[in-house]
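Engineer:
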Amino acid sequence: MNFKQKLGYMFIGSLFTLTGYILASLGGDTTHAQQDEQVIDKIVCRELEVVNKEGKEVVHIRAAVNGGLVNIYNNKEKRIANIGAERHMQGDGMVGVWNKEGNPVGTLYANIDGSGIIDIRNKYGHIIAILGASVSKGKVILELFNNEKLGVGMAATESGGIVSVRNNEGISVVNLEGKLSGEGLVHVSDKEGDSIIVLEPNTNRTGGVVEVYGKEAKGYARIGATPDGGFMVVGDNARKDVVFIRATPNGGFIQTYKGGWRTH
Numbered sequence: 096m097n098f099k100q101k102l103g104y105m106f107i108g109s110l111f112t113l114t115g116y117i118l119a120s121l122g123g124d125t126t127h128a129q130q131d132e133q134v135i136d137k138i139v140c141r142e143l144e145v146v147n148k149e150g151k152e153v154v155h156i157r158a159a160v161n162g163g164l165v166n167i168y169n170n171k172e173k174r175i176a177n178i179g180a181e182r183h184m185q186g187d188g189m190v191g192v193w194n195k196e197g198n199p200v201g202t203l204y205a206n207i208d209g210s211g212i213i214d215i216r217n218k219y220g221h222i223i224a225i226l227g228a229s230v231s232k233g234k235v236i237l238e239l240f241n242n243e244k245l246g247v248g249m250a251a252t253e254s255g256g257i258v259s260v261r262n263n264e265g266i267s268v269v270n271l272e273g274k275l276s277g278e279g280l281v282h283v284s285d286k287e288g289d290s291i292i293v294l295e296p297n298t299n300r301t302g303g304v305v306e307v308y309g310k311e312a313k314g315y316a317r318i319g320a321t322p323d324g325g326f327m328v329v330g331d332n333a334r335k336d337v338v339f340i341r342a343t344p345n346g347g348f349i350q351t352y353k354g355g356w357r358t359h
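Just so we're aligned: the sequence shown equals residues 96 to 359 in the numbering used here.
1) Kindly indicate which three-state DSSP category residue 311 falls into: helix, strand or coil?
2) Go to residue 219, then tell me how far its beta strand (DSSP E) extends in each direction, as first and last residue.
3) Among 306, 345, 325 and 348, which has the Cα closest to the Cα of residue 334?
4) DSSP puts residue 267 in a beta bridge; with which residues?
5) How many whole angstroms separate the CB atoms of residue 345 and residue 319, which I take to be in contact at a CB cut-off of 8 Å?
6) Going by Cα to Cα distance, which pick from 321, 170, 252 and 214 is closest to residue 150?
7) For residue 210 and residue 228, what's the separation of their Cα atoms in angstroms?
8) At which residues does the beta strand (DSSP E) containing residue 174 begin and terminate?
9) Can you check DSSP and say which residues form a bridge with residue 296?
10) Can you list, in chain order, the residues of its chain whose CB lies under 7 Å from that of residue 178, leaving out five sequence neighbours each side?
11) What does the alpha-carbon distance come out to for the pair residue 201 and residue 328?
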């Protein structure tokens, strides 16, 4: 091998070495650039969509009427959760949960007075329960629904608590509640809402009283306890007492009314 051949080989080797160095430098710069692009201090926008590897939207963030809104979707593009400002509540917060069919099953939001409410729904999106605070008194309430109609309501009141049971027409037929005096009351009504049975302490607090009413709450009978025993009063459709029976220390007596009271 002569000198010229050696010089040629040396030139080619040097050229390969230089090319490798340049390519390595370019690759290093690209890697650093990619690393720099992954560090973002702040993004400013009015709307942002996040997609999965199939290109389907899974998170949607945007500005809403009264604030911000975040929607989360499953792989079938059904909304399953959201966080945001409720547009009907003047900017109060709301958290919603949906099932895989896209029907709402639970919501946490603010009442019109700023208190909290949780509603629970069945798989079709119909409300079955509401837990929250009463708007007027700020007390806790619980309402249970049947076929989208209120079936049972429970609440704390100024005099204690109350439980109300309603029929399929939404009419209250049974009430259990505390009175301002600290005593209890049971009230039963017919399907029209007219009183048929009332159970409560009597006025002098010496026992209990049961009142039974006829159709449209007209005729009635009242049975109660006294310090001496018991009594019963029967009234006519005009809501006037016509029969009075009472136990006394010496026995008992019966009074009837027809233009005036008569003792038997």
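The beta-carbon is built from N, C-alpha and C at its ideal position, and this holds for glycine as well.
Structural biologist: Looking at the atomic coordinates:
1) The sequence position of residue 311 within the sequence shown is 216, counting from 1. Three-state result, residue 311: helix.
2) Numbered from 1 along the sequence shown, position 124 holds the residue referred to as residue 219. In the DSSP assignment, residue 219 falls outside any beta strand (DSSP E) and carries neither an H nor an E.
3) Position 239 of the sequence shown holds residue 334. Taking only the C-alpha atoms, the option nearest residue 334 is 306.
4) Here residue 267 refers to the residue found at position 172 when the sequence shown is read from its first residue. Residue 267 is bridged to 261.
5) Against the sequence shown, residue 345 aligns to sequence position 250. Against the sequence shown, residue 319 aligns to sequence position 224. So it is not a contact: roughly 20 Å between Cβ atoms.
6) Here the question's residue 150 lines up with position 55 in the sequence shown. Of the listed residues, the one whose Cα sits closest to residue 150 is 170.
7) Reading the sequence shown from its first residue, position 115 is the one you call residue 210. Reading the sequence shown from its first residue, position 133 is the one you call residue 228. Inter-residue distance for residue 210 and residue 228 is about 6 Å (C-alpha atoms, whole angstroms).
8) For the purposes of this step, residue 174 is taken as residue 79 along the sequence shown, with counting starting at 1. Its beta strand (DSSP E) spans residues 174 to 180.
9) Position 201 of the sequence shown, counting from 1, holds the residue named residue 296. Per DSSP, 303.
10) Locating residue 178 in the sequence shown gives position 83, where the first residue counts as 1. Correct list, in chain order: 165 and 190.
11) As a position in the sequence shown, residue 201 is number 106, starting the count at 1. As a position in the sequence shown, residue 328 is number 233, starting the count at 1. Each residue's Cα considered, the two are about 51 Å apart.
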